[in-house]
Structures are given as structure tokens and as C-alpha cells.
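Quick notes on the structure that follows.
There are 2 protein chains.
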Amino acid sequence: MTDIKEIGRRAKSASKEVSNASTDVKDGALRAIAKALIENTDHILSENEKDIAGAREKGINQAMLDRLTLTEKRITDISDGVIKLTMMQDPAGIIESEMTHPNGLRIYKTRVPMGVIAMIFEARPNVTVDAAALCLKSGNACILRGGSEAIHSNIALANTMRAALQSAGLPPDAIILVEDTSRETATGLMQLRGYVDLLIPRGGAGLIQSVMKNATVPVIETGVGNCHIYVDASANLAMAVNILDNAKTTRPSVCNAVETVLVHRDIAQSFLPLAKKALDAHHVELRGCPETLRILREAIPATEEDYYTEFNDYILAVRIVGSIDEAITHIAKYSTFHSEAIVTESYENSQRFIKEVDAAAVYVNASTRFTDGSEFGFGAEIGISTQKLHARGPMGLQELTTWKYVVMGEGQVR
Amino acid sequence: MTDIKEIGRRAKSASKEVSNASTDVKDGALRAIAKALIENTDHILSENEKDIAGAREKGINQAMLDRLTLTEKRITDISDGVIKLTMMQDPAGIIESEMTHPNGLRIYKTRVPMGVIAMIFEARPNVTVDAAALCLKSGNACILRGGSEAIHSNIALANTMRAALQSAGLPPDAIILVEDTSRETATGLMQLRGYVDLLIPRGGAGLIQSVMKNATVPVIETGVGNCHIYVDASANLAMAVNILDNAKTTRPSVCNAVETVLVHRDIAQSFLPLAKKALDAHHVELRGCPETLRILREAIPATEEDYYTEFNDYILAVRIVGSIDEAITHIAKYSTFHSEAIVTESYENSQRFIKEVDAAAVYVNASTRFTDGSEFGFGAEIGISTQKLHARGPMGLQELTTWKYVVMGEGQVR
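Structure follows, in C-alpha cells:
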């Protein structure tokens, strides 16, 4: 069995060197990684083929298979993403605020790396590189535990990055892949107090549940997005159809896609047929409340469970509501606090929605699909936090750091 | 048995009103609370006497008894503290950053209240008011679970505050005291997912352990401070004695007091007798490493356990080290990441200490006793975080808030 504590110890020790490395050294290592990924493309692709063959044997579905697959183009994109990080500001060392105490003490609130960041994620090999590069740029060591389906790809990618770290004068243990993909190892990682400073799980509800139950290290929850669009009585209906269609059909598998539309009774009769016409082009299955079914006779009855579900698919739940209050109450009950939108021409209702809806991102007259690190101007992102502590919404480099108060005196006592 | 879920539900419902209340309304409620505390002084003191009588019966020690005792003066001070909060900036609503997307979307990162903040704390009735007032000012509802020793005082204080809230037009359930002080209720509170947005335990290592083991809601660890002062070979010895004496003897029971001094071998012979002379005035018990004992023959041998201990008393552990590296390694091993100081005249060593020591606050040539909300200019504080997530060091109003991205468009889609 893997000695997970030993992995923790190695990462902690490497984290001290990375944390003290200058931006130049870290950027040099990122460039070395980007170059090595291109140079090792053939090897990485041949290892990836083993994973694909294994997945096919297990009868994995097409969407999953697509996420697992690497190509020359994808490796180039991943490498370009690493290079892009070298152009971003290093968050470590930024002085957030400063004050001089009346007695002359200077107090600086300074951003510093977290230390060791662990990630548990499922079968997308690009996450292995993205996560490692973000951690490195922000001065952290990382422990990566990917899924068994991508293990050959992940080993090839991690070894490539570790060799590049060494060539750039940084310890290879700043990036450690846990090759043992057993559940015990994952649980062990969740409980590495004293070694892991932050754990970021990236995956479905099952993984998040297990982390909540087992983790004793600090955690940031990411990803589950049961997003709503509320179409107000005053909405511009053409705009509402366009936003709904965009939020549902451009990429239904992602967490910022919409899952339920709430429609004000006063405009349901005119809005719903328009919406259906647009969504039909993508064969979106509509699951409606009884009132919806009276307007859209082909819709399927929605169950209570449907309103709780992140379909990640061409399925949309529909409910007619009598007021903005009813819409806000529905959202409060079923939401995962990710992204929520209102389409309205009423100033008052826009302000009420912004104030009263509790979510990482609240939208007025725009698609929920914008909740994303690059769209928000952060460059890369390591995930989208749906919790309130430390990070909320897209997490970039800054969210991978903490602070330290540096206090400089000349003998002051209290 | 107390229905802790029902308490969670009530607090969550009240939190929505408080969260939407204007700064004026919240400040009005704080003024009403401050006034009511003064008006109810007699009642509060007579309830406090019951707690004191109970504590005496149980044979509680003098320091604990002192922390438990309220006086007219102390109530006035508590009331003044509440008034002081009305003069501070409301963190809720502050726009931290903003950007305009190339497509014209405006994205605002806005500070918003957490929602419901729970606190579990031990016998200091002033914490009941301080915590409630900080939560109210920042737009949060709070659930307070104090210790059984202070239960009569806490009920009197909470009822006073609840009546004041009502008179100011806010729901009394914005401040709920859990009157049932059983362990089950505390555990229930730690697991109120969906109701409690943040739990802050304030107490000894036992409480923190229990929270780490049982909590499923987000937690900020506070308080345990095993702080060190390292006296470098280049230190100004008079300054070092003064800082050490201040950090040990001005208030040994607090978390920013020093517990271990690390002394460079080159100056140990001259420094230790000077330090002993100063500390003798407060009868500080010295527990030293074997080399220390050869210099200070009256000192007691230090055990390995001593270096891990937050004495909270007139006791100081002493170890002689051969280099700054040895000092940094010692601190990394035994520290609780609270406050760590170096006394040095070497620029290089000051920079190494600042960079390499992992703690909420690192000091050069100053006493560790400055790690405190008012000393750092935050006004009041709700605790001192020793974790890296969300808050590190003294926690003021800002740390009781989270963010929300407000995105305003005119129909933008992706």
C-alpha cells in the first residue's frame, strides 16, 4: 500500500523550496514544463492510448471517452496554457495592505503560498497539468490524485513535468502524482493534517460527499452547479429565449449550464412556446410543472427530484411561478449556490434578485455560462468554488495563496 | 432535547433580513443593544452572581473566576465596544474589484455577509456580546453556544440583545443563544449543514480537536498559540531581554504570549543570565535543554512535551540552538502557526526568518503580544485564526463576510 504520509512529507519539504523560489525561477520551470510536454508528445499519446483502450473495454460512454482523449493539438493547447501562466502576475509576495502602528511598528499583510495543495479529480488528463502549473506559479507544491481511467496518461504527464522541474533547479517533489488510485489512498490524502494545507476535490456529487464526510484537512468545495434562469414578467422575451438557449445548449455538461427555468405566469403563455421552438433545435427534453404541461403539451411531468438535479445533459426543468418572491424561494431551496440569472426589464426586480439570491454569481440579463476563470479575467482557473470560505466562484492564482502578517520593529513592546 | 435544526432554521430565516438591512438600521440596532446593556446592568449582574456562586462551588480557579466575573465597569466597557462598532465601516456591500468584459458585461466582486455564523466558546460572558455585535454589524445572524459555567449571564445578555433587536426593527432571531449546553447540542451545531455558513470555535485544544473531528460545516480554527522568540547571535541583548520579558509576563494566559525562547549558542552565556534576572521579577519558571542547564543551574530540565505546550502561565521553555536554521526547524516542528519572532541585528537573518517561518504573524525585533485585532487596526476581533483558509491572524469584520460576483448585462451570451 502507498505510504501517503511519506508523500505528504516529500511534498511539504519541496513546498519550502518552491515557496522561496523567485518568480523568475518559477516561470523558468513553467517554460521547461511547456517545452517538455511538446517534446514528449509521442510518449504521452501512446500512454494515453492505453487508457483509451482500457476505457473502451469497460464500455465507457462517448462523452467520457472524449474527455479522456489526448491529441497532438490538445497537448499543444495544454502547453500553451502553461506558457500563458508565465505572463501572469505572481500572487506570492503581493502586499495587500500595510499600516504603521502609533508606536512605529510596520505591519504588512503579505500574500504567501499555501504550502501543499492536494487535488482529487476524475478522468481529464489536462487537469493534471493545469493544476500542477497553477500550483507552481503560486509557489505551492501539489499532490495530484487522478482517476484510474487516466492513470497511464497521468503518469506520463507527471513524469514529464517532474523532469522539467529538476532541469529548472526546483525539486521534482513539487509535483507528485499519487499512482495508487485506490479509495484508501484518496481517504488518506483527505486526512493528511500537517502536510496538506488545502484540498480541492473536482468531480461529481459522490466525490464531494466523500470529502465532506472524511476530510480533516481544509477543503474548498467545487463544481456542482444546479443553475436557474428566472424569466420575469417584464422580460424582453427574445432576449430571454436567447439567454436560455445559450445557457442550456452550448455545453450542457459543464457546471455553469442552466438546469431549471422559472417563468413568471404573466408571460408563460407567450414565452414557453418561443423557448420550446429554440430548444427543439437541440432536442432538449423539457420537464415541466402541471401548469407548464397545460401550455407545452409535449413536455414530460417534472418530479420533485428533477428540480434538485444537475442534469449535465440536454434536459431542462420548467416551473411557472406567480412572482419574483416565488422564484427566489425556489432558488433558495434547490440551488447549489453556483450561478443564478434573472431576465428582466424591471430595475426594482433586478436589484432584489442581486441582493436576495445567495450564489457565487448572480446575473441580470446575461447567460450563466460566463461563470468561468477566463471570462472573469483570471487567466486560468483551478475550479469554481461553491462555498463561501476563502474562495467563491472561479478560483485563479490568488485563491491558491494565503497571507502572513510581517511585523517589523525596533524593539517595540506592548 | 434542544431541536438544533429548528434553531438553524430560525437563524437562517433571520439572516436574510439582517443581510438586507442597511448600515443605518444595523447601527441603530447596535446602539439599542449598547443602551439596553447599561439599562439592564442590575439584572445582568445578579444573574452573573449565580454563575459565580456555581463556579465557586465547583472550586474553579481564580483566573477562570476572574474571566467569568462581570462588574458595572465591565458592562460599561462591553457596551462601549458595541458603540465603537457603529463607527466602523460596514464591510457588506464593498466592491472589491470590478471589470468590464470585452462584450460589455460588468462584473463586480462584492462583499456580502456569510449568512449564519455559529460560535462555540468557553466561560467569558463578554464574548457573547462581542461576537453578536460583530456578526450583526457585518450583516450576519449568529448562533452562540457558550459554556455551562456562564449560562445565567449568557441568557441575561442574549435576552437583552434580542429585545433591543426587536425594538430596532430587526428579528430577535438574528442573535440566538443555545441554552442547552450539552455536548450533543454542540456536536449538532457542528453538523448543521445548510444552516450554518461558518463555525468559529474559541477555546482550548480539546474544543478544537472535537470540532476537527465532528464538524461538517465550514470552520475557522482559532486561538492556540505556541509562540517562539529566537534570539539571534547578532541580537541587541538588552532589546531581546525586554521583548522576551514583555511577551512572557504582561499576560501569560493569552494566545500571543511567548512559550519558548530559542537562543543562539554564541550569546547564550551572556544572554541567559540577563533574561533570567528580568523574568525572576515575575517568578517565571524556566525549563531548559541540557546546555541551558549548564548556564542556568536553577532551571528545570525541559521535556519534549514542554516544547509542544502552550503553558498559558509563568513558565518558559528554553533551548540553545547553533544557527538560525536550527531555530527555524525547531519552530516548524513545534509551532501552532500563530506568532513567531526573531531578535536580530542581521539584515540577512531578518529576511530569512520572515520568508521561511510559516505563521500568521512573523516579527522582527518586536514582542509577539501585538498579534491582536485592535493593535492591527481592525477595531474589534472575533478571534485569531491559525489556519490558512479565508482568514489568518486577527479576524475583524471583513473576515465575517464572503463575496458574490454581480454580473450585469444587456442580453450577452457566450
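Line by line, the protein sequences are chains A and B. Position 69, counted from 1, in the first sequence is what our numbering calls 69; the numbers after and before it change by one each time, with no gaps. Position 8, counted from 1, in the second sequence is what our numbering calls 1008; the numbers after and before it change by one each time, with no gaps. The beta carbon of each residue, even a glycine, is placed where N, CA and C say it ideally should be. None of these values were measured; they are calculated from a predicted model.
CB of residue i within 8 Å of CB of residue j, strictly
{"i": "B:Ala-1247", "j": "B:Arg-1162", "result": "no"}
{"i": "A:Leu-177", "j": "A:Ala-150", "result": "no"}
{"i": "A:Asp-415", "j": "A:Val-112", "result": "This structure cannot speak to residue 415 of chain A, because chain A is shown only from 1 to 414."}
{"i": "A:Asn-140", "j": "A:Ser-13", "result": "no"}
{"i": "A:Ile-320", "j": "A:Ala-268", "result": "yes"}
{"i": "A:Gly-104", "j": "B:Met-1239", "result": "no"}
{"i": "A:Gly-203", "j": "A:Gly-383", "result": "no"}
{"i": "A:Ile-208", "j": "A:Pro-201", "result": "yes"}
{"i": "A:Gly-81", "j": "A:Asp-3", "result": "no"}
{"i": "B:Thr-1429", "j": "B:Pro-1091", "result": "A query on residue 1429 of chain B cannot be resolved here, the shown segment of chain B reaching from 1001 to 1414 and no further."}
{"i": "B:Phe-1378", "j": "B:Ala-1359", "result": "no"}
{"i": "A:Glu-17", "j": "A:Pro-172", "result": "no"}
{"i": "B:Tyr-1314", "j": "B:Pro-1252", "result": "yes"}
{"i": "A:Leu-85", "j": "A:Leu-165", "result": "no"}
{"i": "A:Glu-304", "j": "A:Glu-259", "result": "no"}
{"i": "A:Val-254", "j": "A:Leu-316", "result": "no"}
{"i": "B:Ala-1380", "j": "B:Gly-1393", "result": "no"}
{"i": "B:Ala-1123", "j": "B:Ile-1175", "result": "no"}
{"i": "A:Ile-107", "j": "A:Val-407", "result": "yes"}
{"i": "B:His-1282", "j": "B:Val-1231", "result": "no"}
Contacts of residue i in chain A (Cβ-Cβ under 7 Å)
{"i": "B:Glu-1410", "result": "Asn-365"}
{"i": "B:His-1390", "result": "Leu-389, His-390"}
{"i": "B:Met-1239", "result": "Gly-411"}
{"i": "B:Thr-1250", "result": "Arg-414"}
{"i": "B:Phe-1271", "result": "Chain A residues near B:Phe-1271: none, gap ~15 Å exceeds 7 Å."}
Beta-carbon proximity list for residue i, same chain, < 8 Å, skipping 5 on both sides
{"i": "A:Ala-156", "result": "Asn-40, His-43, Ile-44, Glu-47, Asn-48"}
Partners in chain B for residue i, counting only beta-carbon separations shorter than 8 Å
{"i": "A:Leu-105", "result": "Ala-1366, Phe-1370"}
{"i": "A:Gly-115", "result": "Asp-1358, Lys-1388"}
{"i": "A:Met-99", "result": "Phe-1376, Gly-1377"}
For residue i, the nearest candidate out of the options (CA to CA)
{"i": "A:Ala-257", "options": "A:Ile-243, A:Ile-267, A:Ala-268", "result": "A:Ile-243"}
{"i": "B:Thr-1249", "options": "B:Ile-1060, B:Leu-1279, B:His-1338, B:Met-1119", "result": "B:Leu-1279"}
{"i": "B:Leu-1272", "options": "B:Ala-1063, B:His-1228, B:Val-1318, B:Asp-1313", "result": "B:Val-1318"}
{"i": "A:Asp-245", "options": "A:Gly-206, A:Ile-220, A:Glu-285, A:Asp-266", "result": "A:Glu-285"}
{"i": "A:Arg-10", "options": "A:Thr-69, A:Ile-143, A:Lys-73, A:Ala-21", "result": "A:Ile-143"}
{"i": "A:Gly-147", "options": "A:Gly-225, A:Ile-120, A:Ala-168, A:Gly-373", "result": "A:Ile-120"}
{"i": "B:Ala-1118", "options": "B:Thr-1071, B:Gly-1028, B:Gly-1194", "result": "B:Gly-1194"}
{"i": "A:Tyr-308", "options": "A:Cys-135, A:Gly-206, A:Ile-331", "result": "A:Ile-331"}
{"i": "B:Thr-1071", "options": "B:Ile-1038, B:Ile-1060, B:Gly-1409", "result": "B:Ile-1038"}
{"i": "A:Ala-36", "options": "A:Phe-376, A:Gly-409, A:Ser-167", "result": "A:Ser-167"}
{"i": "A:Ala-7", "options": "A:Arg-145, A:Ala-21, A:Ile-60", "result": "At residue 7 of chain A the sequence reads Ile, which differs from the Ala that was named. Closest option to A:Ile-7, Cα to Cα, is A:Arg-145."}
Listed by chain order, chain A residues near residue i by CB distance under 9 Å
{"i": "B:Leu-1198", "result": "Lys-388, Leu-389"}
{"i": "B:Val-1362", "result": "Lys-404, Tyr-405, Val-406, Val-407"}
{"i": "B:Gly-1393", "result": "Lys-109, Trp-403, Lys-404, Tyr-405"}
Contact list for residue i against chain B, beta-carbon separation under 9 Å
{"i": "A:Ile-243", "result": "Gly-1409, Gly-1411, Gln-1412, Val-1413"}
{"i": "A:Ile-354", "result": "Thr-1110, Lys-1404, Val-1406, Met-1408"}
Beta-carbon proximity list for residue i, same chain, < 6 Å, skipping 5 on both sides
{"i": "B:Ser-1097", "result": "Lys-1109"}
{"i": "A:Ala-53", "result": "none"}
{"i": "A:Asn-126", "result": "Ile-78"}
{"i": "B:His-1152", "result": "Glu-1047, Lys-1050, Asp-1051"}
{"i": "A:Ser-19", "result": "Pro-113, Gly-139"}
Beta bridge counterpart(s) of residue i as assigned by DSSP
{"i": "B:Val-1178", "result": "In the DSSP output, where bridge partners are listed per residue, B:Val-1178 has none listed."}
{"i": "B:Ile-1120", "result": "B:Arg-1145, B:Pro-1201"}
{"i": "B:Val-1364", "result": "A:Met-408, B:Ile-1342"}
{"i": "B:Ala-1233", "result": "The partner list for B:Ala-1233 (beta bridge, DSSP) is empty, contrary to what the question assumes."}
{"i": "A:Ile-95", "result": "A:Thr-110"}
{"i": "A:His-285", "result": "Residue identity check: residue 285 of chain A is Glu in the sequence provided, not His. According to DSSP, which records beta bridges pairwise, A:Glu-285 is partnered with A:Ile-315."}
{"i": "B:Val-1263", "result": "B:Val-1231, B:Ile-1320"}
{"i": "B:Gly-1383", "result": "B:Met-1395"}
{"i": "B:Pro-1172", "result": "Paired residues: none, contrary to the question."}
{"i": "B:Ile-1300", "result": "B:Arg-1287"}
Residue i beta carbon near the ligand FAD (any heavy atom closer than 7 Å)
{"i": "A:Ile-320", "result": "What this structure holds is no ligand at all, so the ligand FAD is not there to describe."}
Listed by chain order, chain A residues near residue i by CB distance under 8 Å
{"i": "B:Glu-1381", "result": "Here the premise fails: no neighbours, minimum Cβ distance about 13 Å."}
{"i": "B:Asn-1020", "result": "Lys-355, Glu-356"}
{"i": "B:Asn-1246", "result": "Val-413, Arg-414"}
Cross-chain neighbours of residue i in chain B, by beta carbon under 7 Å
{"i": "A:Thr-216", "result": "Met-1212"}
7 Å Cβ shell around residue i - same chain, five flanking residues per side excluded
{"i": "A:Ser-270", "result": "Leu-237"}
{"i": "B:Gln-1089", "result": "none"}
{"i": "A:Val-362", "result": "Glu-340, Phe-353, Ile-354"}
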